[in-house]
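Q: Per this note's numbering, the sequence shown runs over residues 28 to 456. Right, I'll just put the structure down here and ask away after.
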Amino acid sequence: MIYDVIIVGGGASGLFSGALLSGLKTLVLEKENKVGKKLLLTGAGQCNITNRMDIKKFYENYYEAKNFVKPILNAFTNEDLIEYFERKNLKTITRDDGKVFPKSMNAKDVVEVLLKEIRKNKGEIKLNQRVNGIEEVYIDKDFNILDEEEYENKKDYPHVDIKKIFKIYTNNNSYMAKNVIISVGGNSYQNTGSCGDGYKILNKLDLDIVDIKPALSPVILRNYEFKDLSGLSFENAKIAIYEKDKKQKEFCGDLLFTHKGLSGPVIINNSRYFDSNMEIRINFLGVNENIFRENFIIKLKNNPKKLIKNILKEYDLSTRFVDKIINSLNLFNKTASNLKKEERAKLIHSVVDNHQIISSVQGYHLAMVTFGGLSRKEVNKKTLECKKISNLYVLGETLDIDAKTGGFNLQFAFSSAYVAVKNIKEKYN
Ligand SMILES: Cc1cc2nc3c(=O)[nH]c(=O)nc-3n(C[C@H](O)[C@H](O)[C@H](O)COP(=O)(O)OP(=O)(O)OC[C@H]3O[C@@H](n4cnc5c(N)ncnc54)[C@H](O)[C@@H]3O)c2cc1C
28 MIYDVIIVGG GASGLFSGAL LSGLKTLVLE KENKVGKKLL LTGAGQCNIT
78 NRMDIKKFYE NYYEAKNFVK PILNAFTNED LIEYFERKNL KTITRDDGKV
128 FPKSMNAKDV VEVLLKEIRK NKGEIKLNQR VNGIEEVYID KDFNILDEEE
178 YENKKDYPHV DIKKIFKIYT NNNSYMAKNV IISVGGNSYQ NTGSCGDGYK
228 ILNKLDLDIV DIKPALSPVI LRNYEFKDLS GLSFENAKIA IYEKDKKQKE
278 FCGDLLFTHK GLSGPVIINN SRYFDSNMEI RINFLGVNEN IFRENFIIKL
328 KNNPKKLIKN ILKEYDLSTR FVDKIINSLN LFNKTASNLK KEERAKLIHS
378 VVDNHQIISS VQGYHLAMVT FGGLSRKEVN KKTLECKKIS NLYVLGETLD
428 IDAKTGGFNL QFAFSSAYVA VKNIKEKYN
């Protein structure tokens, strides 16, 4: 049996491909004992399928891949995705922050819609099939696989019907297909099935893989002093990353203290730029440092008898955080008039220029996505077909594409499935 399409990996992009592949003989090969394990975990089990952000701003969430993803997202936009699910009777809701979820707030319903479509298409799914290699083979009209010599002898005769197909090898079987979609995800949350196999399979085909690392991940700080404030967050904090005293990048957004270090959107979305031993300078108030300094000094002068901690509490800072800073500098019972210049400088630094060292970025067990993957140069950005190997498509997180939190990674997985399927179907028309 030769399938029209074999989809390797039954996650977000693989299942959506299967759902769209009507009219073709399709097989999904899934490594795990069930499909969609990661999809079920997304958005804390609620599945943030996309974001309602205007499509023109949408691209910015894909970092340096923003131009690459443009045609893919334009071909199947966030609005198209919402409309698709609504048409399949999955109502959606959009939160104030633009994040879109199924109205039931249950990821299972998203997986169910896709499985129902695959069943409707008479697509097959085989579980516990870990693909470990793909080979291009040539067959004659009687489906005999030709060895190299036979192929060389026959290929130039126009009357000899030779076709290129793929042979796909799993842990215990092999399958044949005219087209292959690789949708095995990245390397993070390995208990959901994605474990970096895609990079090995594609590398064996001589395709270029950009080095991978965890992304969308919290960081651990060295000599972390805010463990007891774990769970405390700061709106619109500013952070700057320094390497050897040189500022590398600066970001703004909500920040969260964890048991071991920092998290929250400003950290998670930019963790792809972080590395061990980098210095992170935090401005907890997110305001201009000089303006804060001047304003704080005026307040001290105008309130000489006031306790410093009470002056600091006039700013948009939580009491627990102020007490922590004041205690760590031994200023608990100090009044403004007693504050020495060096103490004042340290206090200001603690609030708007707090230096911390990154011990490490949390690994793949906590990283929501993987940075790196199949080089974008290897695929046609209008179809996601490999430039060097026709009829081989690579989707979703296996590609060197990662996006910010907020539904952008799933949108890319779905949009990439759409463009590949469209291209495959066009070949059959
Ligand atoms: C905890 C968590 C929450 C998240 N929440 C969101 C969210 O709310 N919104 C959002 O946009 N993004 C979210 N993401 C990111 C998003 O889930 C992924 O980017 C997306 O699932 C990638 O889709 P994919 O199809 O490329 O891969 P996956 O969905 O990871 O699917 C890959 C599939 O391939 C299978 N597979 C792997 N290797 C093989 C092999 N060798 N042979 C056969 N099958 C194989 C796997 O078992 C898996 O089923 C979240 C990620 C995590 C970890």
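Beta carbons are placed, not taken as given, at the ideal position from N, Cα and C, and that holds for glycine. Since we're looking at a predicted model, the values are computed, not measured.
Could you check whether lysine 191 and asparagine 418 sit closer than 9 Å to each other, using their CB atoms as the reference points?
A: What you label residue 418 is simply residue 391 of the sequence shown in a count that begins at 1. What you label residue 191 is simply residue 164 of the sequence shown in a count that begins at 1. Yes; because the gap between Cβ atoms is below 9 Å, this pair is in contact.
Q: Using the DSSP secondary-structure output, state which residues sit across from isoleucine 189 in a beta bridge.
A: Stepping through the sequence shown from its first residue, residue 189 is reached at position 162. Answer by DSSP bridge pairing: none, since isoleucine 189 is not bridged.
Q: Helix, strand or coil for valine 314? Go by DSSP, reduced to three states.
A: Here residue 314 is taken as the residue at index 287 of the sequence shown, counted from 1. Note: valine 314 maps to coil in three-state DSSP.
Q: What are the complete beta strand (DSSP E) segments, minimum 3 residues, inside the stretch 97-164?
A: Qualifying beta strand (DSSP E) stretches, in chain order: 119-121, 126-129 and 151-153.
Q: Please confirm whether any heavy atom of ligand 1 lies closer than 8 Å to the CB of glutamine 438.
A: The residue labelled residue 438 in the question sits at position 411 within the sequence shown. Yes, since a heavy atom of ligand 1 falls inside the 8 Å radius drawn around the Cβ of glutamine 438.
Q: Under the three-state reduction of DSSP, which class applies to threonine 53: helix, strand or coil?
A: The residue given as residue 53 occupies position 26 in the sequence shown. Three-state result, threonine 53: strand.
Q: Tell me, which residues are paired with asparagine 330 by DSSP?
A: As a working mapping, residue 330 is identified with position 303 in the sequence shown. For asparagine 330, which the question treats as bridged, DSSP gives no partner whatsoever.
Q: Taking its Cβ as the centre, do 16 or more other Cβ atoms sit within 10 Å of phenylalanine 170, making it buried, or is it exposed?
A: As a first step, residue 170 is located in the sequence shown; it is residue number 143 there, counting from the start. That one is exposed.
Q: Could you check the C-alpha separation between phenylalanine 128 and arginine 114 for me, to the nearest Å?
A: Numbered from its first residue, the sequence shown carries residue 128 at position 101. Numbered from its first residue, the sequence shown carries residue 114 at position 87. Each residue's Cα considered, the two are about 15 Å apart.
Q: Less than 8 Å between the CB atoms is what I'm expecting for lysine 273 and alanine 267, so what's the real figure, rounded?
A: The sequence position of residue 273 within the sequence shown is 246, counting from 1. The sequence position of residue 267 within the sequence shown is 240, counting from 1. That belief does not hold up - the Cβ atoms of lysine 273 and alanine 267 are roughly 11 Å apart, past 8 Å.
Q: Report the residue from Lys449, Ser40 and Gly220 whose alpha carbon sits nearest the alpha carbon of asparagine 60.
A: Sequence index remark: in the sequence shown, residue 60 carries index 33 (1-based). The shortest C-alpha separation from asparagine 60 is found at Gly220.
Q: For phenylalanine 23, does the count of other Cβ atoms within 10 angstroms reach 16, so buried, or fall short, so exposed?
A: Residue 23 cannot be examined here, being either before or after the span of the chain that is shown, 28 to 456.
Q: Between which two residues does the beta strand (DSSP E) carrying serine 355 extend?
A: Your numbering for residue 355 matches position 328 in the sequence shown. Run containing serine 355: none in the beta strand (DSSP E); it sits in the alpha helix (DSSP H), 346-355.
Q: May I ask whether a heavy atom of ligand 1 can be found less than 8 Å away from the beta carbon of phenylalanine 85?
A: Counting from one through the sequence shown, the residue named residue 85 turns up at place 58. Answer for phenylalanine 85: no, Cβ out of range of ligand 1.
Q: What are the boundary residues of the alpha helix (DSSP H) that includes glutamate 177?
A: Position 150 of the sequence shown, counting from 1, holds the residue named residue 177. Counting along the chain, the alpha helix (DSSP H) containing glutamate 177 begins and ends at 175-181.
Q: Going straight from the alpha carbon of leucine 393 to that of lysine 351, what length do you get?
A: Here residue 393 is taken as the residue at index 366 of the sequence shown, counted from 1. Here residue 351 is taken as the residue at index 324 of the sequence shown, counted from 1. So the two alpha carbons sit approximately 28 Å from each other.
Q: Look up threonine 285 in the DSSP assignment and say whether it is helix, strand or coil.
A: What you label residue 285 is simply residue 258 of the sequence shown in a count that begins at 1. Looking at threonine 285 - three-state DSSP - the assignment turns out to be coil, as it is neither helix nor strand.
Q: Check whether the Cβ of glutamate 369 sits closer than 8 Å to any heavy atom of ligand 1, and report yes or no.
A: By one-based count along the sequence shown, residue 369 stands at place 342. No, the beta carbon of glutamate 369 sits no closer than 8 Å to any heavy atom of ligand 1.
Q: Buried or exposed, going by whether 16 or more other CB atoms sit within 10 Å of the CB of glutamate 110?
A: To locate residue 110, count along the sequence shown from 1; it is residue 83. Glutamate 110 comes out exposed.
Q: Is any non-hydrogen atom of ligand 1 found closer than 8 Å to the C-beta of phenylalanine 193, if you look at the structure I gave you?
A: For the purposes of this step, residue 193 is taken as the residue at position 166 of the sequence shown. Incorrect: phenylalanine 193 has no Cβ contact closer than 8 Å to ligand 1.
Q: Could you tell me which of Val446, Leu437 and Ala447 sits nearest to valine 138, measuring between CA atoms?
A: Counting from 1 along the sequence shown, the entry for residue 138 is found at position 111. With distances taken between Cα atoms, valine 138 lies closest to Leu437.
Q: Is it a yes or a no for the stretch 276-287 touching the stretch 252-263, going by three-plus beta-carbon pairs under 8 Å?
A: Output reads yes: the stretch 252-263 touches the stretch 276-287.
Q: Nearest to serine 377 by CA position, among Arg308, Pro331 and Leu366, is which residue?
A: Taking the first residue of the sequence shown as position 1, residue 377 is located at position 350. Minimum Cα distance to serine 377 is reached at Arg308.
Q: How many angstroms separate the CA atom of valine 349 from the CA atom of leucine 366?
A: Taking the sequence shown and counting its residues from 1, the one referred to as residue 349 is at position 322. Taking the sequence shown and counting its residues from 1, the one referred to as residue 366 is at position 339. Distance between the alpha carbons of valine 349 and leucine 366 is about 16 Å.
Q: Please look up how many angstroms separate the CB atoms of leucine 422 and serine 443, rounded, as I've assumed it's under 8 Å.
A: Start at 1 with the first residue of the sequence shown, and residue 422 comes out as number 395. Start at 1 with the first residue of the sequence shown, and residue 443 comes out as number 416. Yes, leucine 422 and serine 443 are in contact; Cβ-Cβ is about 4 Å, under 8 Å.
Q: Rounded to whole angstroms, what's the CA-CA distance from isoleucine 33 to valine 448? Just pull it up for me.
A: Locating residue 33 in the sequence shown gives position 6, counting from the first residue. Locating residue 448 in the sequence shown gives position 421, counting from the first residue. Using only the alpha carbons, I get a separation of about 12 Å.
Q: Taking the DSSP output, what are the residues bridged to threonine 197?
A: Translated into the one-based positions of the sequence shown, residue 197 becomes position 170. Looking at the DSSP assignment, threonine 197 forms a beta bridge with Val158.
Q: Taking 8 Å as the cut-off, is the beta-carbon of leucine 142 closer than that to any non-hydrogen atom of ligand 1?
A: Taking the sequence shown and counting its residues from 1, one reaches residue 142 at position 115. Leucine 142 Cβ: outside cutoff for every heavy atom of ligand 1.
Q: Looking at C-beta atoms only, is the number of pairs between the stretch 39-48 and the stretch 202-211 that lie closer than 8 Å three or more?
A: These segments touch.
Q: Tell me whether glutamate 388 sits in a helix, a strand or coil according to DSSP, three-state version.
A: Counting from one through the sequence shown, the residue named residue 388 turns up at place 361. Position check: residue 388 holds valine in this sequence, whereas glutamate was assumed. Strand.
Q: Kindly indicate which residue of Val446, Tyr455 and Ile451 has the alpha-carbon position closest to the one of alanine 102.
A: Your numbering for residue 102 matches position 75 in the sequence shown. Ranking Val446, Tyr455 and Ile451 by Cα distance to alanine 102 puts Val446 first.
Q: Can you give me the C-alpha to C-alpha distance between lysine 326 and isoleucine 338, rounded to a whole angstrom?
A: Taking the first residue of the sequence shown as position 1, residue 326 is located at position 299. Taking the first residue of the sequence shown as position 1, residue 338 is located at position 311. About 7 Å.
Q: Cα separation between tyrosine 269 and serine 131?
A: By one-based count along the sequence shown, residue 269 stands at place 242. By one-based count along the sequence shown, residue 131 stands at place 104. Near 44 Å, if we compare the C-alpha coordinates of serine 131 and tyrosine 269.
Q: Say yes only if the C-beta of aspartate 124 is nearer than 8 Å to one or more non-hydrogen atoms of ligand 1, and no if none qualify.
A: Working through the sequence shown from its first residue, we reach residue 124 at position 97. No, Cβ of aspartate 124 sits at least 8 Å from all heavy atoms of ligand 1.
Q: Does DSSP put arginine 308 in a helix, in a strand, or in coil?
A: Taking the first residue of the sequence shown as 1, we reach residue 308 at position 281. Strand.
Q: Using only CA atoms, which one of Val35, Lys64 and Leu68 lies nearest to threonine 53?
A: For the purposes of this step, residue 53 is identified with residue 26 of the sequence shown, where counting begins at 1. Among Val35, Lys64 and Leu68, the Cα nearest to that of threonine 53 belongs to Val35.
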